[in-house]
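Student: Chains as they are written, first to last, in my numbering: chain A, 154 to 775; chain B, 175 to 334; chain C, 7 to 499. Beta carbons are placed, not taken as given, at the ideal position from N, Cα and C, and that holds for glycine. There's a structure below that I have some questions on.
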Amino acid sequence: MTPKMLLLPILLPAVLAVVLLLLPRALRLLRDILAVAGAGALLYYAFVFFSVKDLRLAVPWLGMGIDFDLRLYHFSSFILLALAGFLLLITIYTTVRMKDAPRGREFMAYVFLTAAFANGAALANNFVPLLFFWEGLLVTLYGMITIGGRPTSGRTAVKALLISGFCDFCMILGIGLLWSVAGTSTMSDISVEPTGLAAVAFVLMMIGAAGKAGAMPFHTWIPDAAVDAPVTFMAFLPAAFEKLLGIYLLARISLDFFKIRPGSGLSLLLMIVGAVTIVLAVLMALVQKDLKRLLSYHAVSQVGYMILGIGTAIPVGIAGGIFHMINHAMYKSGLFLSAGSVEHRTGTTELKKLGGLGREMPLTALGFTVCALAISGVWPLNGFVSKEMVFHGAVETGSTIFAIAAWVGAIFTFASFLKAGHSVFFGERSKEVPAVKESQPAIVLPILVLAGLCVLFGVYNKLPLTLFIQPILQGRGEAGAHVDFTAHALAVFNPVALISIGCLVLAFLLHAYGFRKGGRKAYLASEPIHNLPGMHQAYDLAEKRVFDPYDQGLKVIRGLSLGLFKGIDRPIDFFFEKIVTFTGAKFTGILKKAHNGHYANYLAWCLAGLIILAGLIGLLAQ
Amino acid sequence: MILQTALLIGLVIFSVLAIVLRDLLKSAISLAVASLLLGIIFFRMKAPYAGAFEISVVAGLITVLFVLTIALTKSGDDVRESKIANWVFPLVFVAFIVIDALVMKSLLGKVPALPAAAEAGGFGDVLWRGRTLDLIGQIAAILAGVFAVLALFRKKDKHE
Amino acid sequence: MIILFIVLPLIVAGLLPIIGKVSRRVLPDALANATLLALLVYAVVAGRGLIADGPVLQQLSWLGEAVNVRLALDGFSLFMLMAVSLVGLAAGLFSIDYMEHYGAKANFYALYLVMIAGMNGLILATDLFSVYVFLEVAAIASYALVAFGLGRDELEAAFKYLMLSVVASAFLVVGIAVIFGLTGQLDFAAVAAGLKEVNAGPVLGLVTAFFLLGFGLKAALVPFHAWLPDAHPSAPAPISAVLSGLLIKVSGVYALTRIFINVFGLTPALSAVLMALGAVSIVVAALLALGQKDMKRMLAYSSISQVGYIVLGLGIGTPLGIAGGLFHLFNHALAKGLLFLTSGSVQQATGTRDMDEMGGLAKRMPVTAVTNLIGSLSIAGVPPLNGFWSKLIIIVALVQAGHPVYAVIAVLASVLTLWYYLLMQRKAFFGKLNEKWAAVKEAPFWMTAAVVLLALLCVGVGILFSSTVTTWIQPAADILADGVHAATGSWGF
């Protein structure tokens, strides 16, 4: 295992991306085999790296302390493993799902290019290479959304690009500040007190990381992309890769680069962002009428738990946040993939048109159900474990309000998934969709694997917690104390867990009430909440994108540009359009009149010119 | 000397006529006469090959081309000209003459006379030994003239 | 065998009318373009080797006897030969399709090659009278080529061109005669040496003025420019391209530079006059171009304006200024050649040169439109195209040499340039497609190939500008800079 091997997870997918792009359509089989084999090889090496755990490759690069520095350690090897795992599943899924898509070949290439950049970002141990890989992701993000091929795909892609670009810009500023505060750009050497300028750097970098993960208010492109981009993309980037990278970086920021203490202002800031994200996004999710949009709002909402967990700055909370990250990636990927499976067969993801698919697509339904229960935090699945840890962490900080926000989130999460699952797979068979079959194995397999992992990580939570999470937090908390987060794990008889379970029961009742009220139509189950006084208006405004900072920002910019146009551009334009053109035209007119095509006239000029020149030369020479 | 002066005056007059005359054909003929006069002046000033060159190239080739151009152009009388334009040339010409006279007067004694040795050697000898490259140039000029005549006299109807 | 540059095209030209009797199109096409290609290859491949050890002076012998054919090849002349062959080849390729409907193709190529031979001869000549002779060769061929279409406008333009051109020739001959009278020499080096000995300030001043008129008229500097906007648009497009791209530069700028810088020496007074002429040309012609409706006329005025830039750059007399001027000469030859060729494509497709009648042609003739855009932006000096770098060098050189006013004029005129070129783009290629041109098709293969070649060169030279400058421009500029250095202060008038 030489340090040079660290280039493999970056170069292999990059090369594969090029090869896949170049392979002609006729060789689709070869392309699929290559892609799956490549992803498999990456997963294998990710396991190898995970067992090695400690490797560093530092090559002098641009000078001034900017080295091409890759570092493999327990955290990055864990992220690498997770990325490789998702890559393999997504690749298998893509081989079938994007088979006939017009730009399927391109999509596959983007997937691998994204993997290359993501691996690079996870391994980078210097800010400059980190930014290089991080920005590279923007390109593939943009490209993949446009593949959606809907009329609005281009606009959504631009929106995603601008929002992510803004976050990245903040991060660059933050990194620049941190660099000047810490005096080095080597990430493993940085550990500063978050005061003064460093605090600003922290906030800026946090915006970058949380924005990548899709926290509010940088989330608004995700629901749009859910509709406009291929569903595979949703399972791949917003559900899995971006969460992994964003939360990874957020954890690095708040654990390594800055010493965030429980109860400090910055900790509080993170927790507020987390709590607000949880509640608002889940409320939006609740009333969605489209499965993909619903899932996308949950993808935002769940980020709140992770940020809340990390923001507590208490070991159990942080561990919960990171554990929630990997859990979320699994079940949310699984959910998007099942939504994709449904869309693959029925051609729609609108809740109203679907219903009772459970009998025809039993495996998809099974996968969906497990993942949905996991995301809702039902015992004994992984979501329960990680959410409990976050709740405990939140309660331990003493600011119970955050715990309450998290619980509120849990209620609506479950309620909305009851609605979604009920609408799609259970209840009466809808008549709008003709009879369908279960999807192909290549589609079902990734879903079931992810569902299986949800069960595994829940029931045997000791495995991921001791293997992945604890090493990351080793040495934090009380000095020398052994870190063990498995204590709470699946225990139900403590106040926190009981409240959680109470929340779930409440959610069930809510759903049952709504179902009854909505004339036994599952997709209307959220209407009572939708129609609550005050809520309805808020929802309407939200639907009109009043709360979307991107759209509002666009409006401001448009107003600004109109003002500039009227106030500055027009006068300048007048100057050029009228005054300059006029004088120009006058001169041109005079000169044109002089060119009357008369030979004698032209000859006269020549002679006059000669006389002037001779005079001039005589004058100058004296 | 009187003949010399007459020739020079004739040269100037015909040159001016070539420019001022409205009728292109007359103007062309004036130019040819002017060239001829210039050639005679060269001969008289014991520069035989300068004269030959003048008459062959200028009076010959260029005028041929010139007359052809006129012949090919249909009557161009419909060109309207402003009155001022008619005055521009004479005015500048007079100014030119005045300044020329002033300048030339001051130059007159200052330009050293050519060394007499330049006259030595026969016409052909000088041309072949001294100015071979010009010979190539002359051949090229004649080629150009021939091709020009060929091109301008070609039958156009085939392609129209 | 440097003489090949003159003799080869002449021989081929002599053969062409005979060959034309056998094969009306294919052989003349192939032979003429093969000749131009051979010259280009010779200039690019062998030429640099020849001058590796400094300028070469070749004395020819005929049947064992030394004859007076002396040709000089240095960095400057090689650079010009390369430019002539390159643009000449592009225009030649373009003619394959374009001259089809004019008829008498063999004759056309014969004249064309004579013109090339004349330019090459002028570039290689080492004495004043040879310069005059070859100037006339190229000029006579160009008169016939301008009138080649035989239409009324063509003939009138050719006539006017001829009449003003002979005025220039006359003054040149007078100037040469006076020089000969002063020094008894015609050879460049001997004249330069002879001028140092005689003290004839006022006479030399007058000769300078004569030469300025003569070469300035050939180069179409304001106020000697009036023939050009008539002559260049009337000629067939490939000839317009060569006249604007090459002829005015070879018989005007090259000869002027060679004689003033290497023979007379660039004195401050002359430098000031040249720069003033250049600046006036830039501004006046740019303003005139702005008011044109005829596409080729606009291009013709633009040529005058750009020659102004070249003379302005050369007139500074600093090494940087000379390099900038030469580089702009080359770039303008490429870009203006390209623009005239595309205007020919448009004229052939639509039958008009009036830009008001065009509109939206980009939809029907995408290649022509894109290449035209490249040429326009290049001349207007938009980075990263070649024209940007040469203008930048000229402007930097102006500032360095302490002529901020000229620098400002150069910048402002470049805005004007961009303005009228954008006007051309908007009127001709963008906007709504004029319904009249719904059936218009892209130009035929060779025409497209020629413009694409030039467009690629514009972009390529722009991107690789530093290597172009070091390989081609710098040797040429060095020769001239040496001339300035050697002659400065040696004589004063």
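1. Any contact of the stretch 197 to 205 of chain B with the stretch 252 to 262 of chain C, i.e. 3+ C-beta pairs under 8 angstroms?
2. Answer yes or no: does any C-beta atom of chain B fall closer than 8 angstroms to that of LEU773/A?
3. Would you please verify whether the beta carbon of PHE263/B is less than 8 angstroms from any beta carbon of chain A?
4. What do you get for MET359/A, buried or exposed, if any count of 16 or more other CB atoms within 10 angstroms of its CB means buried?
5. Could you name the residues of chain B that ASN39/C contacts, counting a contact when the two beta carbons are closer than 8 angstroms?
6. Which residues, taken in chain order from the stretch 730 to 757 of chain A, show a beta carbon closer than 8 angstroms to some beta carbon of chain D?
7. Please report the residue range of the beta strand (DSSP E) in which ARG224/A lies.
8. Starting from the C-beta of ALA295/C, find all residues in its chain whose C-beta is less than 7 angstroms away, skip the five residues before and the five after it, and write them out in chain order.
9. For a quick check, are the C-beta atoms of LEU618/A and PHE476/A less than 8 angstroms apart?
10. Compute the Euclidean distance between the alpha carbons of GLY157/C and ALA483/C, then round it to the nearest angstrom.
11. Is the Cβ of GLY211/C closer than 8 angstroms to any Cβ of chain A?
12. Which residue wins for smallest C-alpha separation from LEU357/A, given the options LEU490/A, ALA691/A, SER583/A, LEU423/A?
13. Do PHE4/C and ASN126/C have their C-beta atoms within less than 8 angstroms of each other?
14. On the criterion of 16 or more Cβ atoms from any shown chain inside 10 Å, does PHE297/B qualify as buried, or is it exposed?
15. On the DSSP bridge list, what partners appear for LEU77/C?
16. Might you give, ordered along the chain, the residues of its own chain that have their beta carbon closer than 6 angstroms to the beta carbon of ILE245/C, omitting 5 neighbours on each side?
17. To the nearest angstrom, how far is it from the Cα of GLY742/A to the Cα of GLY750/A?
18. Going straight from the alpha carbon of GLY222/C to that of ILE288/C, what length do you get?
19. Which chain B residues are close to GLU142/C, counting only those with a beta carbon under 7 angstroms from its beta carbon?
20. In whole angstroms, give me the CA-to-CA distance for GLY720/A and GLY712/A.
21. By the three-class DSSP mapping on this structure, what secondary structure does ARG209/A have?
22. Tell me whether the stretch 436 to 453 of chain A and the stretch 309 to 318 of chain A touch, counting them as touching only if at least three CB pairs, one residue from each stretch, are closer than 8 angstroms.
23. Going along the chain, which residues of its own chain have a beta-carbon closer than 7 angstroms to the beta-carbon of ILE271/B, five neighbours each way excluded?
24. Count the CB pairs spanning the stretch 395 to 412 of chain A and the stretch 498 to 514 of chain A that are closer than 8 angstroms, and state whether there are at least three.
25. Tell me which residue opens and which closes the alpha helix (DSSP H) that SER384/C is part of.
26. Measure the alpha-carbon distance for ALA44/C versus VAL317/C and round it to whole angstroms.
27. Starting from the Cα of ALA558/A, find the closest Cα among LYS590/A, ASN279/A, VAL426/A, ASN684/A and give me that residue.
28. Would you grab the beta carbon distance between THR244/A and ALA188/A for me? Rounded to a whole angstrom, and I think it's under 8 angstroms.
29. Per DSSP, which residues does VAL184/C bridge with? Please list them.
30. Tell me, please, which residues DSSP counts as bridged to ALA277/A.
31. Taking contact to mean 3 or more Cβ pairs, one atom from each stretch, closer than 8 angstroms, check whether the stretch 372 to 391 of chain C and the stretch 122 to 140 of chain C are in contact.
32. For MET219/B, which option in GLN178/B, ILE187/B, ALA325/B, VAL268/B has the closest C-alpha, if you only look at C-alpha atoms?
33. Anything in the stretch 223 to 236 of chain C with a Cβ closer than 9 angstroms to a Cβ of chain A? List those residues in chain order, please.
34. Using the three-state DSSP reduction, which class does GLU203/C fall into: helix, strand or coil?
35. Would the stretch 536 to 555 of chain A and the stretch 455 to 472 of chain A be scored as touching if the rule is three or more Cβ pairs under 8 angstroms?
36. Excluding sequence positions up to five away, which residues of its chain have a Cβ less than 6 angstroms from the Cβ of MET324/A?
Tutor: If we stick to the structure as given:
1. The stretch 197 to 205 of chain B, when compared against the stretch 252 to 262 of chain C, does not touch it at the 8 angstroms Cβ threshold.
2. Taking 8 angstroms as the threshold, the shortest C-beta distance from LEU773/A to chain B does not fall below it.
3. Taking Cβ atoms only, chain A reaches closer than 8 angstroms to PHE263/B, which makes this a yes.
4. So MET359/A counts as buried.
5. Those do not exist, as ASN39/C stays about 18 angstroms from chain B at its closest Cβ, beyond 8 angstroms.
6. Included in the structure are the protein chains A, B and C, with no chain D among them.
7. Bounds of the beta strand (DSSP E) holding ARG224/A are 219 to 225.
8. Contacts found: MET304, TYR307, SER308, SER311, TYR426.
9. Yes, these two residues count as a Cβ contact at 8 angstroms.
10. Using only the alpha carbons, I get a separation of about 42 angstroms.
11. At least one C-beta of chain A is nearer than 8 angstroms to the C-beta of GLY211/C.
12. Of LEU490/A, ALA691/A, SER583/A, LEU423/A, the smallest CA-CA separation from LEU357/A is found for LEU423/A.
13. Here chain C comprises residues numbered 7 to 499, so residue 4/C is not present and cannot be evaluated.
14. For PHE297/B, the pLDDT reaches just 49, beneath the cut-off of 50, and the residue's location in the model is therefore unreliable, although a value from the coordinates is still provided. For PHE297/B, the number of other beta carbons within 10 angstroms of its own is below 16, and it is reported as exposed.
15. In the DSSP output, where bridge partners are listed per residue, LEU77/C has GLN64/C, ALA131/C.
16. Once the five neighbours on either side are set aside, the close Cβ partners of ILE245/C are LEU151.
17. Spanning the two alpha carbons is a distance of roughly 15 angstroms.
18. Rounded to whole angstroms, GLY222/C to ILE288/C spans 14 angstroms at the Cα level.
19. One finds ALA315 in chain B with Cβ atoms closer than 7 angstroms to the Cβ of GLU142/C, taken in chain order.
20. About 12 angstroms.
21. Strand, per DSSP.
22. No, the stretch 436 to 453 of chain A does not touch the stretch 309 to 318 of chain A.
23. If we look at ILE271/B and ignore the five residues flanking it on each side, it has no Cβ neighbours.
24. At 8 angstroms Cβ cutoff, the stretches do not touch.
25. Start and end: 372 to 386.
26. The straight-line gap from Cα to Cα measures roughly 30 angstroms.
27. It is VAL426/A.
28. Contact between THR244/A and ALA188/A holds, with the beta-carbon distance rounding to 5 angstroms and staying under 8 angstroms.
29. DSSP output for VAL184/C lists no bridge partner at all.
30. DSSP, once it has assigned bridges, lists LEU223/A as partnering ALA277/A.
31. Note that the stretch 372 to 391 of chain C does not touch the stretch 122 to 140 of chain C; fewer than 3 beta-carbon pairs, one per stretch, sit closer than 8 angstroms.
32. Nearest of GLN178/B, ILE187/B, ALA325/B, VAL268/B to MET219/B, Cα basis: GLN178/B.
33. Residues of the stretch 223 to 236 of chain C with a C-beta less than 9 angstroms from any C-beta of chain A: LEU223, LEU227, VAL228, PRO229, PHE230, HIS231, ALA232, TRP233, PRO235, ASP236, listed in chain order.
34. Note: GLU203/C maps to helix in three-state DSSP.
35. A contact exists between the stretch 536 to 555 of chain A and the stretch 455 to 472 of chain A.
36. Contacts found: MET358, GLY361.
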